[in-house]
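Novice:
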Amino acid sequence: MAKFKVKIINMVLIILLILLGTYFLLPNLLFSMARSYADEPEQKERAQILYQRIVEYFPKSYSAPEALYWLALSIEPPSYGSFSGGGIIITRHMTTSSMNQMEGVGIDVAINSYKTLLEKYPNSQYAEFVPLRLGELYYNLGRFDDAEKYLLQGLKNDNKRKFISSECNYKLIELYLKIHQSEKALEMVHLYRTNNPNSMVSNLYLLEGDAYRKLGEYKKAEATYNKVLDNLPKELPKEDFKANRDFLKEEVDARLIKNKLAEENNENEKGVIKGTVTREGAPLERVQIFLIDENRAREGFSTHEFQDAPYVFTDLWGRFELTGIIPGSYSLGLGLPKSYLDGYTLVPRPDAKFDISVGDEITTSYQLVPLIKTLEPQKGSYLELDSLTFSWESVVEAAYYQLEMGSIQRRENGVGYGSSVVKDKINSNKITLTQADLAQSKGISFDDEGVIPSSLFGIVFPGGEFVWNIKAFDKNDNYLGESSGYQFHIDKEKLSTFFTADEGLTDGDRLVMERKYDEAIIWYEEYLLNNSSNLHVLNMLSNLYNYHKEDWEKSKDYYELLYSLTNSQMYLERIALSLYHAGQYQDAIPYLKKVVEEHKGNWYFLNSLGRSYIINGDLEQGERYLADSVATGQCSRIDLVILKASQGKWQEAYSILHKLDNKYLNNFAPLELILKDLTQEKVIAPIGWQEFLLELIKNPKVTKEIDKQWDNPKFNELARIFGKSI
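In terms of the working numbering, the sequence shown is residues 483 to 1208.
1. Within its chain, find whatever has a CB closer than 8 Å to the CB of Leu-766; leave out the 5 residues flanking it on each side and keep chain order.
2. My understanding is that Lys-912 touches Tyr-882, with C-beta atoms under 8 Å, so please give their C-beta distance in whole angstroms.
3. Going by beta-carbon coordinates alone, are Tyr-707 and Val-734 separated by less than 8 Å?
4. Do the segment 972-984 and the segment 934-947 meet, that is, are 3 or more Cβ pairs less than 8 Å apart?
5. Between Leu-659 and Ile-890, what straight-line distance do the alpha-carbon atoms span, to the nearest angstrom?
6. Taking the beta strand (DSSP E) that Asn-951 falls in, what are its first and last residues?
7. Buried or exposed for Met-576, going by 16 or more other Cβ atoms inside 10 Å?
8. Please report the straight-line C-alpha distance between Gln-969 and Pro-613, rounded to a whole angstrom.
9. Would you call Pro-547 buried or exposed, if buried means 16 or more other Cβ atoms sit within 10 Å of its Cβ?
10. Excluding the five sequence neighbours on either side, which residues of its own chain have a C-beta within less than 6 Å of the C-beta of Tyr-1073, listed in chain order?
11. Tell me the DSSP secondary structure of Gln-884 in three-state form.
12. Pair every Cβ in the segment 737-744 with every Cβ in the segment 673-693, then say whether three or more of these pairs are closer than 8 Å.
13. Return yes when the Cβ of Phe-1204 is within less than 8 Å of the Cβ of Leu-1176, no when it is not.
14. Compute the Euclidean distance between the alpha carbons of Glu-538 and Phe-729, then round it to the nearest angstrom.
15. What residue from Leu-1101, Lys-1082, Ile-1124 has the CA that sits closest to Asp-1110's CA?
16. Taking DSSP as the reference, what is the three-state secondary structure of Gly-996?
17. Give me the DSSP bridge partner(s) of Arg-761.
18. How do the segment 588-605 and the segment 833-850 stand: do at least 3 beta-carbon pairs fall below 8 Å, yes or no?
19. Out of curiosity, what's the CA-to-CA distance linking Pro-859 and Ala-1127?
20. For the alpha helix (DSSP H) that Asp-1069 lies in, which residues bound it at each end?
21. Which same chain residues end up closer than 6 Å to Lys-1206 when comparing Cβ atoms and leaving out the 5 residues on each side of it in sequence?
22. Excluding the five sequence neighbours on either side, which residues of its own chain have a C-beta within less than 8 Å of the C-beta of Phe-1087, listed in chain order?
23. Only counting the same chain, and skipping five residues up and downstream in sequence, which positions put a Cβ closer than 6 Å to that of Thr-1114?
24. Is it buried or exposed for Arg-625, if we count other Cβ within 10 angstroms and need 16 for buried?
25. Would Gln-1191 and Gln-1129 be called neighbours here (beta carbons separated by less than 8 Å)?
26. Quick test of your reading: Arg-574 and Pro-832, contact by CB under 8 Å. State the CB separation rounded to the nearest angstrom.
27. Looking at Trp-551: is its Cβ nearer than 8 Å to the Cβ of Tyr-608?
28. Pop quiz: Leu-657 and Glu-630 are said to be a contact at Cβ under 8 Å. What is the actual Cβ separation, rounded to whole angstroms?
29. Using a Cβ-Cβ cutoff of less than 6 Å, which residues in the same chain neighbour Tyr-1146 once the five nearest sequence positions on both sides are dropped?
30. Does DSSP put Arg-892 in a helix, a strand or coil?
31. Under the DSSP definition of a beta bridge, which residues are partnered with Ser-901?
32. Can you give me the Cβ contacts of Lys-855 inside the same chain, cut-off strictly under 6 Å, excluding the 5 residues immediately before and after it?
33. Considering only C-alpha positions, which residue in the set Ser-1090, Asp-959, Ser-965, Lys-835 is nearest to Phe-872?
34. Do you know how far the Cα of Met-1052 is from the Cα of Asn-582?
35. Tell me where the alpha helix (DSSP H) around Lys-1196 begins and ends.
36. If you draw a straight line from the alpha carbon of Thr-988 to that of Ser-902, how long is it in whole angstroms?
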């Protein structure tokens, strides 16, 4: 009997040991499984479920705090500049999305998970990271009081991991600058330098300069900005050092311009931009509104600029107000959750620039309107290439429509497409494109191997997948809406698409698709011996000679034949540009004049005509057409600025530069400062200056790389900028 009892006790002990071992081992096993799932995007939800099970069923295990941390991190929406409020950012420069970004509930779950970790497992090594994570989350949400609380906690409590306190310190500098507490920002700059003397040296000078600028200490700000480039990290590889220097130089130039504008307007009343955001009349809350500085010395526009842009959120009534704006040129950007935009588009597009004068108050509004419903071709249908018919539901108040089309490329790393306007001023809700319409190329694409075959075919090509979009405009050319909106960033499968049959490809077409372009040319030219007016073959030959062989003389011959057969404006344009690119400027002039007369207001052809006259020695006519190009408001070339500068007319050059579209000319902001200085100093152009700049207009390829050759450094910088721009 005693032996039997001992056996029972042993069995119970074994079972208890097994259960105890299971309790300690199972969480580790589950965590290992979760981490393996987390590395695969499609298994992310499985990983999150396992993390939650560990926290729920094994709260006392060593894996619980670790699981809680990784759960929060996996749910936390990634920062996108200063934007975490939603999935899509729309500006006049670009539209982009933070892919896989979760909204609302994701942020709340992440925050609650971090807080639970901090409360229940304060001594865990993972709790050390929480103040930084919460500080950054609250900062991106615009909840600055909460952000400050946790960042200060991370700054004070971090004893084991110095980098956490350093990160909190750096984020506090940005935070205090954002909420206009510049004295505190300077304190944090000093603290960071003390604790990290060799870290982020150049960046700290940028932030310190910002603090002085916001305090109105403009001379100190200027001096501090000028220290940035003298403190670059020397240990970087040569290429990285150059990239870092170029990037920081753009940052310094942009801030020096801001500083000068702020100093000049220090005593002036600041401007205000306010407005509303609605969807079908209902107010939209928590839309992020960015104030984008258009007085920038930056080439292009990148997403990191959102990090520095002031922003506000719309309130419960969809209202926003940006204040304290110094005079200058600005635009607005909008950050919206994807759920707001699904099935809608934004009207108007945020393309407008606002020129703020002293004390200006500007009111604007944005609304989301339903997408235009497309009727035919039905999504995913297969069509023949003899003609294509498109139809859509009519839009109230629409005076005309615009049809855009593009081909879809499906690759391993994602889906992409480019589109262009195929037909404009369509006065009904239906249009049929003929075979001649489809043969007209709307843009040639290139990759590392050269011309992309499909782009040589025209608007569509056999065996392709295409997307189409219809836009509506009122009688005053105001944008009313469209059929695609922002679906590419939300759900690409909802786009209006169709396929073309690959039947009917000629042997020449197949050679093109195989990139055997020279063989294709031979086949097409032999085919023409018996079919001299085949539009498709003529179109393929003209494109192959133009874009593959760059034989503009030969392409011109085929374009002339196509023009005689179709009387299409596009082929007239191609003749003119073939002659222009071939350097036959005198022959190009009559064709360019015809294009300008037929296609009034096209800045590019006006500019090309003006340059052709200048190259031929007729400066008066050249200046006239260059001025007409600038007057369109769309010109992105500074030839007229160069022409005026060549004559030493600095004030005129400066004034013309302001008329040009800053969407393209942000990299010429330093040029404005130089021209302004030359105007004030009444500097006379040096000997040989005019000849040099005229040669730059005439022969840009030869003079693109410019060595210093002028005693006055301002002329060297002008020459460098002009050479880069031309």
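The C-beta atom is built at its ideal place from N, Cα and C for all residues, glycine as well.
Specialist: With the given structure in hand:
1. Locating residue 766 in the sequence shown gives position 284, counting from the first residue. Here the set comprises Val-759, Thr-760, Thr-796, Gly-800, Leu-818, Tyr-822, Leu-850.
2. Stepping through the sequence shown from its first residue, residue 912 is reached at position 430. Stepping through the sequence shown from its first residue, residue 882 is reached at position 400. Contact check for Lys-912 and Tyr-882: beta-carbon distance about 13 Å, past the 8 Å limit, so the pair fails to qualify.
3. The count along the sequence shown starts at 1 and reaches residue 707 at position 225. The count along the sequence shown starts at 1 and reaches residue 734 at position 252. The answer is yes: Cβ separation under 8 Å.
4. In this structure the segment 972-984 lies against the segment 934-947, because at least three pairs of beta carbons, one per stretch, are closer than 8 Å.
5. Taking the sequence shown and counting its residues from 1, one reaches residue 659 at position 177. Taking the sequence shown and counting its residues from 1, one reaches residue 890 at position 408. Roughly 44 Å between the two C-alpha positions.
6. Residue numbering aside, residue 951 sits at position 469 when the sequence shown is read from its first letter. Segment 947-955, the beta strand (DSSP E) holding Asn-951.
7. Here residue 576 refers to the residue found at position 94 when the sequence shown is read from its first residue. Met-576 comes out exposed.
8. Sequence index remark: in the sequence shown, residue 969 carries index 487 (1-based). Sequence index remark: in the sequence shown, residue 613 carries index 131 (1-based). If I take the Cα positions, the gap works out to 36 Å.
9. Here residue 547 refers to the residue found at position 65 of the sequence shown. With 16 or more other Cβ atoms within 10 Å, it is buried.
10. Position 591 of the sequence shown, counted from the start, is the residue given in the question as residue 1073. Only Ile-1057, Ala-1058 meet the Cβ criterion.
11. Here residue 884 is taken as the residue at index 402 of the sequence shown, counted from 1. Here Gln-884 sits in strand by DSSP.
12. yes
13. Working through the sequence shown from its first residue, we reach residue 1176 at position 694. Working through the sequence shown from its first residue, we reach residue 1204 at position 722. Not in contact: Leu-1176 and Phe-1204 (Cβ atoms no closer than 8 Å).
14. The count along the sequence shown starts at 1 and reaches residue 538 at position 56. The count along the sequence shown starts at 1 and reaches residue 729 at position 247. Looking at the two C-alpha atoms, the distance is approximately 48 Å.
15. By 1-based counting over the sequence shown, the position of residue 1110 is 628. Nearest of Leu-1101, Lys-1082, Ile-1124 to Asp-1110, Cα basis: Lys-1082.
16. As a first step, residue 996 is located in the sequence shown; it is residue number 514 there, counting from the start. Reading off the sequence shown, one finds Glu at residue 996, where the question assumed Gly. Coil at Glu-996, not helix or strand.
17. Locating residue 761 in the sequence shown gives position 279, where the first residue counts as 1. For Arg-761, the beta-bridge partners assigned by DSSP are Ala-764, Leu-850.
18. In this structure the segment 588-605 does not touch the segment 833-850; the number of beta carbon pairs closer than 8 Å is below three.
19. By one-based count along the sequence shown, residue 859 stands at place 377. By one-based count along the sequence shown, residue 1127 stands at place 645. Those two C-alpha atoms are separated by around 54 Å.
20. Here residue 1069 refers to the residue found at position 587 of the sequence shown. Note, Asp-1069: alpha helix (DSSP H), 1067-1080.
21. Taking the sequence shown and counting its residues from 1, the one referred to as residue 1206 is at position 724. Same-chain partners within the cutoff: there are none.
22. In the sequence shown, residue 1087 corresponds to position 605, counting from 1. Taken in chain order, the residues that qualify are Glu-1055, Ala-1058, Leu-1074, Val-1077, Val-1078, His-1081.
23. Walking along the sequence shown from the start, residue 1114 turns up at place 632. Gly-1083, Trp-1085.
24. The count along the sequence shown starts at 1 and reaches residue 625 at position 143. Counting the other Cβ atoms within 10 Å of the Cβ of Arg-625 gives fewer than 16, which makes it exposed.
25. Against the sequence shown, residue 1191 aligns to sequence position 709. Against the sequence shown, residue 1129 aligns to sequence position 647. Taking 8 Å as the Cβ cut-off, Gln-1191 and Gln-1129 do not qualify as a contacting pair.
26. Taking the sequence shown and counting its residues from 1, one reaches residue 574 at position 92. Taking the sequence shown and counting its residues from 1, one reaches residue 832 at position 350. About 6 Å separates the two Cβ atoms, so the contact holds.
27. Against the sequence shown, residue 551 aligns to sequence position 69. Against the sequence shown, residue 608 aligns to sequence position 126. Per the sequence presented here, residue 551 reads as Tyr, with Trp not at that position. Result yes, Cβ atoms of Tyr-551 and Tyr-608 sit closer than 8 Å.
28. Working through the sequence shown from its first residue, we reach residue 657 at position 175. Working through the sequence shown from its first residue, we reach residue 630 at position 148. Indeed, because the Cβ distance is near 6 Å, the residues count as touching under 8 Å.
29. Position 664 of the sequence shown holds residue 1146. Confidence at Tyr-1146 is low in this model, with a pLDDT of 48, below 50, so its placement is unreliable and the value that follows should be read with caution. Correct list, in chain order: Ser-1118.
30. Stepping through the sequence shown from its first residue, residue 892 is reached at position 410. Three-state result, Arg-892: strand.
31. Against the sequence shown, residue 901 aligns to sequence position 419. DSSP lists Gly-888 as partners of Ser-901.
32. The residue given as residue 855 occupies position 373 in the sequence shown. Counting only Cβ-Cβ distances below 6 Å, and skipping sequence neighbours, we find Glu-875.
33. Within the sequence shown, the letter at position 390 stands for residue 872. Comparing C-alpha distances from Phe-872 to each of Ser-1090, Asp-959, Ser-965, Lys-835 shows the shortest one belongs to Ser-965.
34. Numbered from 1 along the sequence shown, position 100 holds the residue referred to as residue 582. Numbered from 1 along the sequence shown, position 570 holds the residue referred to as residue 1052. The pLDDT assigned to Asn-582 is 35, lower than 50, so where the model puts this residue is not dependable, and the model offers no usable value.
35. Taking the sequence shown and counting its residues from 1, one reaches residue 1196 at position 714. Its alpha helix (DSSP H) spans residues 1195-1207.
36. As a first step, residue 988 must be located in the sequence shown, where it is residue number 506. As a first step, residue 902 must be located in the sequence shown, where it is residue number 420. Those two C-alpha atoms are separated by around 26 Å.
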